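Peer 1: Protein chains in written order, with this note's numbering: chain A, 3 to 306; chain E, 7 to 415; chain X, 35 to 375. Idealized CB from N, CA, C, for every residue including glycine. Source: prediction; values computed, not measured.
1) In chain A, which residues lie with their C-beta within 8 Å of the C-beta of residue 221 of chain X?
2) Assuming the contact rule is C-beta atoms closer than 8 Å, residue 172 of chain X and residue 34 of chain A should be a hit. Round their C-beta distance to whole Å, please.
3) Compile a chain-ordered list of the residues in the region 136 to 150 of chain A whose CB is closer than 7 Å to at least one CB of chain E.
4) Within 8 Å (strictly less), CB to CB, does residue 152 of chain A reach chain E?
5) Beta-carbon of residue 83 of chain E versus every beta-carbon of chain A: anything under 8 Å?
6) Assign residue 165 of chain E to buried or exposed, taking buried as 16 or more other Cβ atoms, counted over all protein chains shown, within 10 Å of its Cβ.
7) Please report how far the alpha carbon of residue 308 of chain A lies from the alpha carbon of residue 403 of chain E, in whole angstroms.
8) Chain A beta carbons: is any one of them nearer than 8 Å to that of residue 341 of chain E?
9) Could you check whether the region 230 to 250 of chain E touches the region 392 to 406 of chain E, counting it as contact only if at least three pairs of C-beta atoms, one from each stretch, sit closer than 8 Å?
10) Pull up the DSSP beta-bridge partners for residue 91 of chain E, would you.
11) Closest to residue 339 of chain X by C-alpha separation, out of E/385, E/133, E/44, would be which residue?
12) Between which two residues does the alpha helix (DSSP H) holding residue 160 of chain X run?
13) Among X/149, X/119, X/89, which residue has its Cα nearest to the Cα of residue 133 of chain X?
14) Just to check my reading of the structure: residue 253 of chain X and residue 302 of chain X have Cβ atoms closer than 8 Å, yes? What is that Cβ distance to the nearest angstrom?
15) Which chain A residues sit within Cβ distance under 8 Å of residue 381 of chain X?
16) Does residue 326 of chain E come within less than 8 Å of chain A when only Cβ atoms are used?
17) Taking only beta-carbon positions, decide if residue 175 of chain X is within less than 8 Å of chain A.
18) Ignore the nearest five residues each way along the sequence and tell me which others in residue 410 of chain E's own chain have a CB closer than 7 Å to its CB.
19) Taking the beta strand (DSSP E) that residue 378 of chain E belongs to, which residues open and close that run?
20) Candidates E/335, E/369, E/363, E/371: which alpha carbon is nearest residue 50 of chain E's?
21) Measure the CB-CB distance between residue 235 of chain A and residue 99 of chain A and report whether it falls below 8 Å.
22) Sorted by chain position, which residues of the same chain lie with C-beta nearer than 6 Å to residue 323 of chain E's C-beta, five sequence neighbours on each side aside?
23) Residues in its own chain within less than 8 Å of residue 263 of chain X by CB, not counting five upstream and five downstream?
24) Spell out a yes or no on whether the region 162 to 169 of chain X and the region 341 to 354 of chain X are touching, meaning 3 or more CB-CB pairs, one atom from each, closer than 8 Å.
25) In chain order, what are the residue ranges of uninterrupted beta strand (DSSP E) at least 3 long that sit wholly in the region 171 to 209 of chain E?
26) Hey, is residue 166 of chain A's beta-carbon within less than 8 Å of any beta-carbon in chain X?
27) How about residue 28 of chain X and residue 114 of chain A: do their beta carbons lie closer than 8 Å?
28) CA-CA distance, residue 185 of chain E and residue 286 of chain E?
29) With 16 other CB atoms within 10 Å as the buried threshold, where does residue 70 of chain E fall?
30) List, in order along the chain, the chain A residues whose C-beta lies closer than 8 Å to that of residue 272 of chain X?
31) Excluding the 5 residues flanking residue 325 of chain E on each side, which residues of the same chain have their C-beta closer than 7 Å to its C-beta?
32) In the DSSP output, what is residue 123 of chain X paired with across the bridge?
33) For residue 120 of chain A, which residues from the same chain have a beta carbon less than 7 Å from its beta carbon, with the 5 sequence-adjacent residues on both sides left out?
34) Tell me, which residues are paired with residue 138 of chain E by DSSP?
35) For the alpha helix (DSSP H) that residue 154 of chain A lies in, which residues bound it at each end?
36) So residue 93 of chain X packs on residue 76 of chain E, CB below 8 Å; how close in whole Å?
Pasting the structure below:
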């Protein structure tokens, strides 16, 4: 893999800054960037306005009276039921859910992808094809049957699975599996065949090749998988609320309670602050790993 | 507040006998400011009595809370208590034996004598056994009118639906929206029900919603209702807001003349600092038939294996109906209490109108009590289309409505 | 790890002589979680759903079988939480639970469902086309050795980090005629300017599309950019020598070479389209009227709000069948081809 060389821009460097194609190019990109950036701008400015100003003014204007009160309220004092401690209540729960779910789902999917790419067995294609179709199943339909499966497994082995963190981690692993397996399979197929063959000639088996040959070359795709999973699991509301109990409800439950309260006036500024706070973890990961992400996607998607 | 709750719980723990002090997880969807304050009253009272209220608040009733409740029951790990609209939503759970029978509590407390109207208790009763504790009454039959809008338009404040319809052109000429309407299906269906009761009268409403008489639904009385609703649709044509409280806000700010909405709209006027009779007016039964429907909320208690939890569930049931909790909860929530023997003198003007109608016995059951959720859902789908599509004729809508009633269970 | 090691190491050498089931054993063992998931969840639970769509299930799934309790044996609590294994005998199908195709008849007689299918068709077609076209175009623009490439890329990609609920909420606001773009343009003096896609039943699907594309095109662009950059420099040199215009090189030469990228993109975009739910709920809840209803909303509403599970299952079975009819031949062709090893 030669990521560095693959990743250099192409095409002749434009000679003059104000040439017609350049004006077109940068003009288009600026308009596009404005379209993508506008909602974030609206969210940030709204979250820094007072409610009076939100009601009166237009949403694109800058605050005349800056305030961080909505942020404080969203984080620490907004009521989500009888508990008035805002989003802070669920933050650590989200972290507790996130870490094992990301680790388990990526571990399993990476091994799947490796087995599918390098160690095919009869029927492997069938399972993979079903998995790809599984990516298209609306997950709401699966809610009740999975509850029944978790309960049956728990009853049979005599431990509680439904309603616990463990059950939720398994559910996240299941629903992350299709896309992640596709990415890992494509990635491992794209690695040079010779490396794998050489290792087998040396007598290395399934696991040794995986840990000693494949893993060291797979950082980019692991970064991609991690970003996809962190985003998906961190933003998840439905599974968190269906498969756990109040003491491990993730932060999105509080976000839902703040944003979706049916009765009472909507505090848009607090809503926006809560939204941004909840999105902060994935956003930080994106801004921090932008280039690495593209490189990883490149590796995972280009060859197949 | 959190600290006090904790302290209360702690002292109660020390003081209470070893038998009690049980944690009870309670699922509900009261998450907005006023609602949360109201539910906090319940939690405080429960904690003060020695047990611990574990709050499972989830915003968004049907679509969000329902799957949680059912999943927890199917998964064999149910919550201690859960909010539901009393009525037909819990029927199946009761039949399957998944909800706790609290008849002994009801009998010990004499619920049959104190709960008013008694239909609330009947909605909790299946085959003579009681399965839920009603906590409040919410009624749909109100129109909320803006003094400012009518003053701006220079017409007199209407005192009934006909006058309201007659005043619409003047409001429109003044650049106002005569009727504010949100676009959620339950709003469309609810407003239609209110118009039906006002125009066709309670007997026609009962024939359709209780006896499921499709002939009446297709009949001339209802034809008038559909014409009136089509007319109301035209009055609401410029009201492009989504949520009901955004529609209420149009009335509060005087951009709209009125809104047909349940008594919970009052909370919005209160938060905006408006006074009934000065800034806004409320007409029960659209000023035509002074009657209110008695829907509301109730708590159900899923069956648990632990006898201590069961005892705590029964303690909570008794507490919810107790006079002190009824007063503090309903004043905070802006709803009517489920018993007539308590002092509600702190209530505001509109609430008093409701209390008076209730005392006079001019009541109807709520749609939730008479129709299955499936039928209600079909009516909602029809109504939201009718209210938003000016090309759908009244006759066409009525034909579809009659068909839904004919197939209702 | 070491245990499995010995198994496969020898498997490579004595490949032909081992019984079939034992060949490639480590790979099979490692695939157990995937196979279990496929069998139990993606096949098992799907079949469960399909079977229940022929029942009269309302709030709870109805029992399917007539049963007879046989006996129960006490076991340690470690093995079963209630301390016993109960055995029952299935004596037959419970015919009163089944209603034949009633749920499907009702489904296809429901206007809301018909409207939903039409909307999904429009949304799906537009979303797929625009995601691919915009994604590729942006990638090609970013590929032209521009300044601030990182900044542009990050701005286009960041919406993907936000949930659909958030996306819907913000766009509902921006497209709201009383607050958003319409008001701003009117305040500038264009009093008759109208831009209210979410409140117009003819354009509402496109209003949702604006938000959907905003959220999703960033990822597609990244995939495409990666694909473009993976193409050999010599191709470009050759096309320059031949004097082929840049745009033509992209369309005629680069795109055909990026087939795998398009496949991955199509899977990701397609999965998003079928599942579009949160976005619609947050923006319009299916309104005005029923003009922006989607199948997933119908399924959710029937299953949970209206307490008619079987009707929801029937709707989701139809969705699933449609997806399967489109996908199975394609998936077989795309992923089922025999490859190396």
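Peer 2: Answer, in terms of the structure:
1) Position 187 of the third chain holds residue 221 of chain X. Per Cβ cutoff of 8 Å: 60.
2) Stepping through the third chain from its first residue, residue 172 of chain X is reached at position 138. Stepping through the first chain from its first residue, residue 34 of chain A is reached at position 32. Their Cβ separation, rounded to whole angstroms, is 7 Å, which keeps residue 172 of chain X and residue 34 of chain A in contact under 8 Å.
3) Correct list: 145, 146, 149, 150.
4) For this step, residue 152 of chain A is matched to residue 150 along the first chain. Closer than 8 Å to some Cβ of chain E, the Cβ of residue 152 of chain A qualifies, so yes.
5) The residue given as residue 83 of chain E occupies position 77 in the second chain. Yes, residue 83 of chain E counts as interfacial toward chain A.
6) Counted from its first residue, the second chain places residue 165 of chain E at position 159. It is exposed - the Cβ of residue 165 of chain E has fewer than 16 other Cβ atoms within 10 Å.
7) Because chain A spans 3 through 306 in this model, residue 308 of chain A falls outside it and cannot be assessed.
8) Looking up residue 341 of chain E in the second chain gives position 335. Chain A, which has no Cβ nearer than 8 Å to the Cβ of residue 341 of chain E, makes this no.
9) In short, these stretches touch, since the Cβ pair count reaches three.
10) For the purposes of this step, residue 91 of chain E is taken as the residue at position 85 of the second chain. Answer by DSSP bridge pairing, in chain order: E/303.
11) Walking along the third chain from the start, residue 339 of chain X turns up at place 305. Minimum Cα distance to residue 339 of chain X is reached at E/385.
12) Here residue 160 of chain X corresponds to residue number 126 of the third chain, with the count starting at 1. Looking at the DSSP string, the run of the alpha helix (DSSP H) that includes residue 160 of chain X is 145 to 176.
13) On the third chain, position 99 is the one that residue 133 of chain X refers to. Comparing Cα-Cα distances from residue 133 of chain X to each of X/149, X/119, X/89, the minimum goes to X/89.
14) In the third chain, counting from the first residue as 1, residue 253 of chain X sits at position 219. In the third chain, counting from the first residue as 1, residue 302 of chain X sits at position 268. Rounded, the Cβ-Cβ distance is 7 Å, consistent with contact.
15) Nothing can be reported for residue 381 of chain X: it is not among the residues displayed for chain X, which extend from 35 to 375.
16) Position 320 of the second chain, counting from 1, holds the residue named residue 326 of chain E. So no, residue 326 of chain E is outside the interface.
17) For the purposes of this step, residue 175 of chain X is taken as residue 141 along the third chain, with counting starting at 1. Closer than 8 Å to some Cβ of chain A, the Cβ of residue 175 of chain X qualifies, so yes.
18) The sequence position of residue 410 of chain E within the second chain is 404, counting from 1. Counting only Cβ-Cβ distances below 7 Å, and skipping sequence neighbours, we find 381, 384, 385, 388.
19) Here residue 378 of chain E refers to the residue found at position 372 when the second chain is read from its first residue. Membership of residue 378 of chain E in any beta strand (DSSP E) is not indicated, and neither H nor E is assigned to it by DSSP.
20) What you label residue 50 of chain E is simply residue 44 of the second chain in a count that begins at 1. Of the candidates E/335, E/369, E/363, E/371, the one whose C-alpha sits nearest the C-alpha of residue 50 of chain E is E/335.
21) Here residue 235 of chain A refers to the residue found at position 233 of the first chain. Here residue 99 of chain A refers to the residue found at position 97 of the first chain. With contacts defined by Cβ atoms closer than 8 Å, residue 235 of chain A and residue 99 of chain A form a contacting pair.
22) Looking up residue 323 of chain E in the second chain gives position 317. Same-chain partners within the cutoff: 108, 111, 139.
23) Within the third chain, the letter at position 229 stands for residue 263 of chain X. Cβ neighbours of residue 263 of chain X beyond the five flanking positions: 177.
24) no
25) 183 to 186
26) For the purposes of this step, residue 166 of chain A is identified with residue 164 of the first chain, where counting begins at 1. No, its Cβ sits nowhere closer than 8 Å to a Cβ of chain X.
27) No information on residue 28 of chain X is available, as it lies outside the stretch 35 to 375 that chain X covers here.
28) If you number the second chain from 1, residue 185 of chain E lands on position 179. If you number the second chain from 1, residue 286 of chain E lands on position 280. If I take the Cα positions, the gap works out to 14 Å.
29) As a working mapping, residue 70 of chain E is identified with position 64 in the second chain. Label assigned to residue 70 of chain E: buried.
30) The residue labelled residue 272 of chain X in the question sits at position 238 within the third chain. Against chain A, the beta carbon of residue 272 of chain X has no neighbour under 8 Å; the closest one sits roughly 13 Å away.
31) As a first step, residue 325 of chain E is located in the second chain; it is residue number 319 there, counting from the start. Contacts found: 51, 52, 55, 331.
32) Translated into the one-based positions of the third chain, residue 123 of chain X becomes position 89. DSSP output for residue 123 of chain X lists X/102 as bridge partner(s).
33) Locating residue 120 of chain A in the first chain gives position 118, where the first residue counts as 1. In its chain, beyond the 5 residues on either side, 190, 198 have a beta carbon closer than 7 Å to the beta carbon of residue 120 of chain A.
34) Sequence index remark: in the second chain, residue 138 of chain E carries index 132 (1-based). E/306.
35) On the first chain, position 152 is the one that residue 154 of chain A refers to. 145 to 159 is the extent of the alpha helix (DSSP H) around residue 154 of chain A.
36) Working through the third chain from its first residue, we reach residue 93 of chain X at position 59. Working through the second chain from its first residue, we reach residue 76 of chain E at position 70. Rounded, the Cβ-Cβ distance is 7 Å, consistent with contact.
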